[in-house]
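The opening position of the sequence shown corresponds to residue 21 in the numbering used here, with each subsequent residue numbered one higher. Ideal Cβ positions, reconstructed from N, Cα and C, are used throughout, including at glycine.
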Amino acid sequence: MDSSRSAIRERFFRQGLLLASALFLFTLPAQAGELRALVEAEAGVRSDGNYRQAAVTEDEVLDEELEQEVARAGLRLLLSYVTAEKFELALGYSPAYERTLGDAEVSGTTHRLDLGFRGDLTRRLSLQVRERLLSAPNLDLYAPATAGEATAVTRRGDQLRHGLTVSLNHELSRRTSLLAGLSHSLQTFEESNLFDAETLGANLGAGFRFAEDRQLGVSAGLALYTWEDDREADVQTLGVSYSHPLGRSSGFAVEAGSFNIDATRPARAPLPGEEPEEPEEESTTGWRGGLQFHQQRELFQWNAGYRHDVSAGYGLGTPSEVDNVFLGISTNVGRRLTLGLDGNASRHEDILDLRRGADVEEDDEAGGPRELEFAAGTARFSWNIFQFLRLNGGYSRVWQRSDVEPFDNLSYDRYFLGLAIRIFSTGETPRSPDELERRGAPTDDDEEPEPDAQ
21 MDSSRSAIRE RFFRQGLLLA SALFLFTLPA QAGELRALVE AEAGVRSDGN
71 YRQAAVTEDE VLDEELEQEV ARAGLRLLLS YVTAEKFELA LGYSPAYERT
121 LGDAEVSGTT HRLDLGFRGD LTRRLSLQVR ERLLSAPNLD LYAPATAGEA
171 TAVTRRGDQL RHGLTVSLNH ELSRRTSLLA GLSHSLQTFE ESNLFDAETL
221 GANLGAGFRF AEDRQLGVSA GLALYTWEDD READVQTLGV SYSHPLGRSS
271 GFAVEAGSFN IDATRPARAP LPGEEPEEPE EESTTGWRGG LQFHQQRELF
321 QWNAGYRHDV SAGYGLGTPS EVDNVFLGIS TNVGRRLTLG LDGNASRHED
371 ILDLRRGADV EEDDEAGGPR ELEFAAGTAR FSWNIFQFLR LNGGYSRVWQ
421 RSDVEPFDNL SYDRYFLGLA IRIFSTGETP RSPDELERRG APTDDDEEPE
471 PDAQ
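So, in C-alpha cells, the structure goes:
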C-alpha cells in the first residue's frame, strides 16, 4: 500500500511539472513576448511548540521536549510570460529540503507548484487552466494562510494534494457568455487511518455582464467522489453568483446555491457460508454559498471572506460539509518593509457516514457526525535589506480540535525566520496565477508578491 501511494504521488508530481513545461512551450510563438522571471535561494529556521503533534488537554502545559527546530533550504521560482496574441502563463514553483535539528530521522523534500494559463483561442473563445500541486514529506503541512482554503494538521506522514481545473469561456455577445469546465483533484495520505480521495467534476454555466465589473452568473455541476474501499458519492450542485465593485480598488462577490449527494456504503465482506450483502445507498441535500470582500491599493491590501460548501472531506472517507473563514491584511511601510496579518479557520463535519458498522464502533463510540475544527493566525514581515537580499519572519498560533483519531487536539506556537537571496531576475515582477483568474492585466507598478512563509 505504501509503495502504491508513493508511486501515485510521484506520478502526479511528474505530470504537474510536465503540464507546466508543455504550457510554457505552447505560449512561445514566433514573435517575442514579455518574459518576467525571478529565482531566489531561501534558507531559514522555524520553531514549533508541538512539532510532534502530541494530543494535549486544555490544562496541560507543553513540555519543552515537544519543541522542535526545523531547518529549511530551497529555491523559489516565479515566472510569467505574455504574448501579443494574449496568451498568458504564470508559474510558481518552490522545492525545499527540511530537516529537524537534533533529529536526523525526520527530514524530507517539499514541492509546491502553482500554475495558471489563460489564452484566447479565437476572438470569442478563451481557455483557462489552473494546476496546484503540493507534495510534502514527514513534516507538518501547515503554512501561514494566504487564501481561503480549508486545511488541517494531520499526524506526520507523506501527503500529496493535486487540483486541476480546465475551463472554456465563449462570449456570445458583449454582455453574455457561456462557461464549461472540468476538474480533477486527488489527496493521498501515508497515515493508515486517513482515506485517499479522488474527485472528478464537470460544470456548465452562463454569465451576464451588466457593466465592466458587474456580473451575474448561474451554474450547474456534477461530481464523483471516490475513496478507498470502494466508497463513492455522486454530487449535483446549483449556484447563482454576483460580483460588484465598491470603488476603483475594492469589491465584493456573493454566491448561493444547493447540493444533492447520493452515496454508496460498501457492503461488509461476507463470512464463509453467508450471502453477500447489497451496498447501502444514502442521500442528502443542503445549501452552499460564500461571500468575499477585497481591496487592493498601492500601500494597503486586504481580503476577507466566508464559504460553506460540500467536499470529499480531508481524509475522512465520507462527504463533508466545510465552513471556512479567512482574512488577509498587508501593508507597505516605506519601500522596503511589508507587514502582514493572516487568519484562517475551518470546520469539517460528516454529512453521511459511509463507514461500516465495525469501523463506527471502533472509531466513534459516541456516534453521530464527526467534527474537525482548525484555526491559525499569523503575523509576518518582509524586509528588503538590499535589492538582492530579503529577510522574512513572523509568528503563528495553531489550534485544532477533532473527534477523529488521526487529527489530535493541538495548540502550539510557531516562529519562523529566513533569508531570500535573489539569484536571477528579468523584467518586472512576475505575475501570479491568481492574477490570471481576474480579468484585466495588472500594471507594472504592482507590488512584488510576498513569499510563502514556512
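Point to revise | Which residues DSSP lists as bridging Leu58, in chain order | key: Within the sequence shown, numbered from 1, the residue matching residue 58 stands at position 38. DSSP lists Leu98 and Ser445 as partners of Leu58.
Review point. Which residue or residues does DSSP assign as beta-bridge partners of Tyr415?
Key: Numbered from 1 along the sequence shown, position 395 holds the residue referred to as residue 415. In DSSP, Tyr415 forms a bridge with Ala399 and Tyr435.
Review point. Terminal residues of the continuous beta strand (DSSP E) containing Asp329?
Key: Taking the sequence shown and counting its residues from 1, the one referred to as residue 329 is at position 309. Looking at the DSSP string, the run of the beta strand (DSSP E) that includes Asp329 is Phe320 to Ser331.
Review point. When burial is assigned at 16 or more other CB atoms within 10 Å of the CB, is Gln407 buried or exposed?
Key: By 1-based counting over the sequence shown, the position of residue 407 is 387. Label assigned to Gln407: exposed.
Point to revise | Boundaries of the beta strand (DSSP E) in which Pro426 is found, first to last residue | key: If you number the sequence shown from 1, residue 426 lands on position 406. Note, Pro426: premise wrong, no beta strand (DSSP E); not H, not E.
Review point. DSSP on Leu361, reduced to helix/strand/coil?
Key: Within the sequence shown, the letter at position 341 stands for residue 361. Three-state DSSP puts Leu361 in a strand.
**Study point:** C-beta atoms of Ser416 and Gly112 nearer than 8 Å
**Key:** In the sequence shown, counting from the first residue as 1, residue 416 sits at position 396. In the sequence shown, counting from the first residue as 1, residue 112 sits at position 92. No, the Cβ-Cβ distance between Ser416 and Gly112 is not below 8 Å.
Exercise for review: Between the Cα of Ala156 and those of Arg150, Leu180, Asp134 and Arg138, spot the shortest distance and give me the residue it belongs to.
Suggested key: As a working mapping, residue 156 is identified with position 136 in the sequence shown. Nearest of Arg150, Leu180, Asp134 and Arg138 to Ala156, Cα basis: Leu180.
**Study point:** Continuous alpha helix (DSSP H) stretch holding Asp343: start and end
**Key:** Against the sequence shown, residue 343 aligns to sequence position 323. Asp343 -> not in any alpha helix (DSSP H); beta strand (DSSP E) instead, spanning Ser340 to Val353.
Point to revise | Touch test, the region 394-402 against the region 363-373, Cβ-Cβ under 8 Å, three pairs minimum | key: yes
**Study point:** Endpoints, the beta strand (DSSP E) within which Glu486 is located
**Key:** Beyond the ends of the chain as shown, which are 21 and 474, falls residue 486; an answer cannot be given.
Check your understanding: Hey, quick one: how far does the beta strand (DSSP E) through Glu300 stretch, first residue to last?
Key -> For the purposes of this step, residue 300 is taken as the residue at position 280 of the sequence shown. Taken as a continuous stretch (DSSP letters only), the beta strand (DSSP E) holding Glu300 covers Glu300 to Gln316.
Review point. Are Gly19 and Ala332 touching if we call contact CB-CB under 8 Å?
Key: Because the chain here runs from 21 to 474, residue 19 falls outside it and cannot be looked at.
Exercise for review: Name the two residues that bound the continuous beta strand (DSSP E) containing Val173.
Suggested key: Here residue 173 corresponds to residue number 153 of the sequence shown, with the count starting at 1. Looking at the DSSP string, Val173 is not in any beta strand (DSSP E), and its letter there is neither H nor E.
Check your understanding: Is it right to say Phe279 is buried, meaning 16 or more other beta carbons lie within 10 angstroms of its own, or is it exposed?
Key -> Position 259 of the sequence shown holds residue 279. By the neighbour-count rule (16 or more Cβ atoms within 10 Å), Phe279 is buried.
**Study point:** DSSP-derived helix/strand/coil call for Asp178
**Key:** For the purposes of this step, residue 178 is identified with residue 158 of the sequence shown, where counting begins at 1. Residue state, collapsed to three classes: coil.
Exercise for review: Pull up the distance between the alpha-carbon of Tyr117 and that of Tyr334, whole angstroms please.
Suggested key: Walking along the sequence shown from the start, residue 117 turns up at place 97. Walking along the sequence shown from the start, residue 334 turns up at place 314. If you take the alpha carbons of Tyr117 and Tyr334, they lie about 25 Å apart.
Check your understanding: Quick one: what does DSSP say Asp250 is sitting in, helix, strand or coil?
Key -> Stepping through the sequence shown from its first residue, residue 250 is reached at position 230. Asp250: helix per DSSP, three-state reduction.
Review point. Could you give the residue range of the beta strand (DSSP E) that holds Ser193?
Key: Position 173 of the sequence shown, counted from the first residue, corresponds to residue 193. Premise fails: Ser193 is in no beta strand (DSSP E) and is neither H nor E.
Review point. Distance, Cα to Cα, Asp250 vs Asn213?
Key: Sequence index remark: in the sequence shown, residue 250 carries index 230 (1-based). Sequence index remark: in the sequence shown, residue 213 carries index 193 (1-based). For Asp250 and Asn213, the distance between alpha carbons rounds to 16 Å.
Check your understanding: Would you report the Cα separation of Asn412 and Thr219, rounded to the nearest angstrom?
Key -> For the purposes of this step, residue 412 is identified with residue 392 of the sequence shown, where counting begins at 1. For the purposes of this step, residue 219 is identified with residue 199 of the sequence shown, where counting begins at 1. Those two C-alpha atoms are separated by around 36 Å.
Practice item. Thinking Ala283 and Leu147 are a contact (beta carbons under 8 Å), I'd like their distance in whole angstroms, please. Key: One-based indexing of the sequence shown puts residue 283 at position 263. One-based indexing of the sequence shown puts residue 147 at position 127. About 33 Å separates the two Cβ atoms, so there is no contact after all.
**Study point:** Coil, strand or helix - Leu214 by DSSP
**Key:** Along the sequence shown, read from residue 1 onward, the residue named residue 214 stands at position 194. Of the three classes helix, strand and coil, the one that applies to Leu214 here is coil, per DSSP.
Review point. Roughly how many angstroms lie between the CA atoms of Ala322 and Glu301, to the nearest whole one?
Key: In the sequence shown, the residue the question calls residue 322 occupies position 302. In the sequence shown, the residue the question calls residue 301 occupies position 281. The sequence shown places Trp at residue 322, rather than the Ala named in the question. Spanning the two alpha carbons is a distance of roughly 44 Å.
Exercise for review: Report buried or exposed for Leu456, applying the criterion of at least 16 other Cβ atoms within 10 angstroms of its Cβ.
Suggested key: Translated into the one-based positions of the sequence shown, residue 456 becomes position 436. Classification of Leu456: buried, given that the 10 Å Cβ count is 16 or more.
**Study point:** Anticipated Cβ contact below 8 Å, Glu62 with Ala93, distance rounded
**Key:** Along the sequence shown, read from residue 1 onward, the residue named residue 62 stands at position 42. Along the sequence shown, read from residue 1 onward, the residue named residue 93 stands at position 73. Between Ala93 and Glu62 the Cβ distance is about 7 Å, and since that is below 8 Å, they are a contact.
Review point. How many Å lie between Glu191 and Leu199 at the Cα?
Key: Locating residue 191 in the sequence shown gives position 171, where the first residue counts as 1. Locating residue 199 in the sequence shown gives position 179, where the first residue counts as 1. Taking the straight line from one Cα to the other gives about 9 Å.
Review point. In whole angstroms, what separates the C-alpha of Asp254 from that of Arg327?
Key: By 1-based counting over the sequence shown, the position of residue 254 is 234. By 1-based counting over the sequence shown, the position of residue 327 is 307. Straight-line Cα distance between these residues: approximately 21 Å.
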